[in-house]
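A.B. asks: Below is the structure I would like to discuss, written out as structure tokens.
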Amino acid sequence: MSASTYAAETRRRRTFAIISHPDAGKTTLTEKLLLFSGAIQIAGSVKARKASRHATSDWMEIEKQRGISVASSVMQMLYREHVINLLDTPGHKDFSEDTYRVLTAVDSALMVIDAANGVEAQTRRLIEVCRQRDTPIITFVNKMDREVREPLELLDEIERELGMPCVPMTWPVGQGKTFGGIMNLRTQAMTVFEAGSERLPQDFETIPLSQRDTLMKRFGHEFETAEQSMELAIGASPEWDHEAFLAGKQTPVFFGSGVNNFGVMEVLEALVDLAPSPRPRTSHHAVNRQSVEKTVNPEDPNFSGVVFKVQANMDPSHRDRIAFVRMASGKYAPGMKLKVQRTGKELRPTSVVTFLSQRREAVDEAFAGDIIGFTTHGGVQLGDTITDGASLQFTGLPFFAPELFTTVILRNPLRTKQLQQGLAQLGEEGAIQVFRPQVGGPMLLGAVGQLQFEVVQHRLKAEYDADVRLESSQYTGARWITADTPAELKSFTDAYPQRLAHDAAESLAFLCTSPYDVRLAQERFPKIHFHPLREHA
Ligand code: GDP
């Protein structure tokens, strides 16, 4: 393959995450995007799949009980010769770690906002992560068919919360019962709203804004008000600047109603026209024990990628897991020999799949930006870098120091082996953080959200037949430990034997019972580094 082919394949890829507060309409919008790109034929199938997942997998019972989405998923669609990879994110805050990791695998984000509620708590947290990474954000203001807030007020709020200017791309005429449609600022035409989920995007009537008399006659007062507020919005926002958007410094805003198929096409077009193709990634790998920085370009011919999610197969009778790899460069072709950089071992997947909206299919070929799933029986962890040979280590996949801890007590001591296997695998998946105290004794589980414990307890029983009791622990925090020299590390570990534990990646952690612990330990050992975040194994 020639260099220009790699570049062309990279250029036509878009990989984005869809983020929102629960109930804003993320699932509905996802489904409509798939529908209008032709990836699925029947509306309702994304929702149906959500439902069938509940039916077929035992451990998803928790998800059903609580009406939340535990697992995030990947869907691919083709539109206008572009390969669009959509990554869903779990909405519940207790699984925010998963979401953060998904956000490391994308080049842009689509933010869905409920026009009645504005920017809600969970969206706010996601925005923070996008901001840290300068991820470009496209904004969709949903549910305009309902009685919602004034568009100017919403724009104001989004701007404040995002800390960046909004640039309206469409503008609503009325809302709720009087919702007349949206004016498209680019095409200078109004698309007329009609309720219903049967209509295809091209079936909506459009009227050029130049036919003002017609519009005034049909929409009267609503149209006039919309014209005025649009004027104000345009006056208050900067000119559209594509570079500024790509740098995460302004967001294009679209209005619509997902459930009515309305305003969705504009978003799909924006994903092709505005959203970025895969961007270079940075590797920090060791050469002769020195950390070397290298920029890996997506059009580099050599395969590289990073595992941003590991998920147990839904079928409890099989122990295999899927490692989701975001490709950073090169091409994947079946039969390729790949290496896990952390261990230096060859990766031997039982199958390699791609995620075509509803189905999983064997991969023919994949390029930078694509997500491929390696089905394995182990040997792959979250954060692993996989290449076709080159020594690389991508950073940036975050593990947050847990704030909640429990100890695990097995009810039936004869199931120790199952428990250990279960904890090792769930730890590798990132479902929970598992700490093995240096001095022995029961394992410690660390989480960012309480629900993670419940999921793990449930899964240990359902998948590993290990019935456990979780007991609260004295610990309230942890810091990962590094030192500049082995001698410094030794004097530290000698001083705190009771407080040390290793996590699933064998990284050393210091457990604390109060924030003062870390301060005191730091004063005693100024040369030890205490990290609240671990980026890779
Ligand atoms: P998610 O939790 O963000 O995935 O939200 P869903 O897509 O499941 O939608 C939550 C609820 O809002 C569902 O009952 C949808 O039918 C409804 N909904 C989604 N989009 C719209 C919309 O544009 N207008 C109205 N009125 N309801 C909507």
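With the UniProt record's numbering applied, the sequence shown covers 1 to 537.
Yeah, the Cβ is synthetic: ideal placement off N, Cα and C, and Gly gets one too.
In this text, all values refer to a predicted model and were calculated from it rather than measured experimentally.
1) Taking 7 Å as the cut-off, is the C-beta of residue 133 nearer than that to any heavy atom in the ligand GDP?
2) Residue 543: beta carbon under 7 Å from a heavy atom of the ligand GDP?
3) Any heavy atom of the ligand COA closer than 7 Å to the CB of residue 73?
4) Measuring CB to CB, does residue 353 end up less than 8 Å from residue 375?
5) Tell me whether residue 502 sits in a helix, a strand or coil according to DSSP, three-state version.
6) May I ask which residues mark the beginning and end of the beta strand (DSSP E) holding residue 79?
7) Going by the C-beta, is residue 408 closer than 7 Å to any heavy atom of the ligand GDP?
8) Hey, how far is the Cα of residue 337 from the Cα of residue 395?
9) Determine the DSSP secondary structure at residue 523, reduced to helix, strand or coil.
10) For residue 397, collect the residues of the same chain with a Cβ closer than 7 Å to its Cβ; drop the 5 residues on either side in sequence, then sort them by chain order.
11) How would you write the range of the beta strand (DSSP E) that residue 37 sits in, first residue to last?
12) Run the CB neighbour count on residue 432, radius 10 Å, all protein chains shown included, and call it buried at 16 or more, exposed below.
13) Going by DSSP in three states, residue 337 sits in which element: helix, strand or coil?
14) Give the DSSP-derived three-state secondary structure of residue 331 in the structure shown.
15) Is the closest heavy atom of the ligand GDP to the C-beta of residue 143 under 7 Å?
16) Please go through the same chain and pick out, in chain order, the residues whose beta-carbon is closer than 6 Å to the beta-carbon of residue 482, but skip the five residues on each side of it.
17) Whose CA, out of 156, 74, 365, lies closest to the CA of residue 232?
18) Return the chain-ordered list of same chain residues with a C-beta closer than 6 Å to the C-beta of residue 521, the five sequence neighbours on each side being excluded.
19) Which parts of the segment 398-486 are runs of the beta strand (DSSP E), unbroken and 3 residues or longer, counting only runs that do not cross its ends?
20) Does the segment 500-510 touch the segment 434-446, meaning 3 or more C-beta pairs lie closer than 8 Å?
21) List the endpoints of the continuous alpha helix (DSSP H) containing residue 96.
22) With distances taken Cα to Cα, identify the nearest neighbour of residue 444 among 474, 459, 418, 463.
23) If I follow the unbroken beta strand (DSSP E) through residue 13, where does it start and stop?
24) Look up residue 168 in the DSSP assignment and give the residues it is bridged to.
25) Measuring only from the beta carbon, is residue 149 closer than 7 Å to any heavy atom that is part of the ligand GDP?
26) Could you give the first and the last residue of the continuous alpha helix (DSSP H) run that contains residue 265?
27) For a test of your reading of the model: does the CB of residue 24 fall under 7 Å from any non-hydrogen atom of the ligand GDP? Yes or no.
28) Taking residue 220 as part of the alpha helix (DSSP H), name the residues at either end of that continuous run.
29) Would you mind listing the beta strand (DSSP E) stretches within the segment 94-164 that are 3+ residues and don't spill past its ends, in chain order?
30) Determine the contact status of residue 16 and residue 109, defining contact as a CB-CB distance below 8 Å.
31) Please determine, among 485, 500, 477, the residue with the shortest C-alpha to C-alpha distance to residue 516.
32) Would the beta-carbon of residue 87 fall within 8 Å of that of residue 77?
33) Do three or more CB pairs link the segment 20-33 to the segment 142-156 at distances below 8 Å?
34) Hey, residue 532 and residue 479: beta-carbon distance below 8 Å or not?
35) Would residue 30 and residue 19 be called neighbours here (beta carbons separated by less than 8 Å)?
36) Do residue 162 and residue 138 have their beta-carbon atoms positioned less than 8 Å apart in this structure?
C.D. replies: Straight from the coordinates:
1) no
2) The chain is shown from 1 up to 537; residue 543 falls before or after that span and cannot be answered.
3) Looking at this structure, you won't find the ligand COA anywhere; what it does contain is the ligand GDP.
4) yes
5) strand
6) 74-79
7) no
8) 23 Å
9) helix
10) 101, 104, 306, 308, 382, 383, 535, 536
11) Unbroken run through residue 37: none, as it is neither H nor E.
12) buried
13) coil
14) strand
15) yes
16) 529
17) 156
18) none
19) 404-410, 433-437, 444-447, 468-472, 477-483
20) yes
21) 96-104
22) 474
23) 13-20
24) 253
25) no
26) 264-273
27) yes
28) 212-236
29) 108-114, 137-142
30) yes
31) 477
32) no
33) yes
34) yes
35) no
36) no
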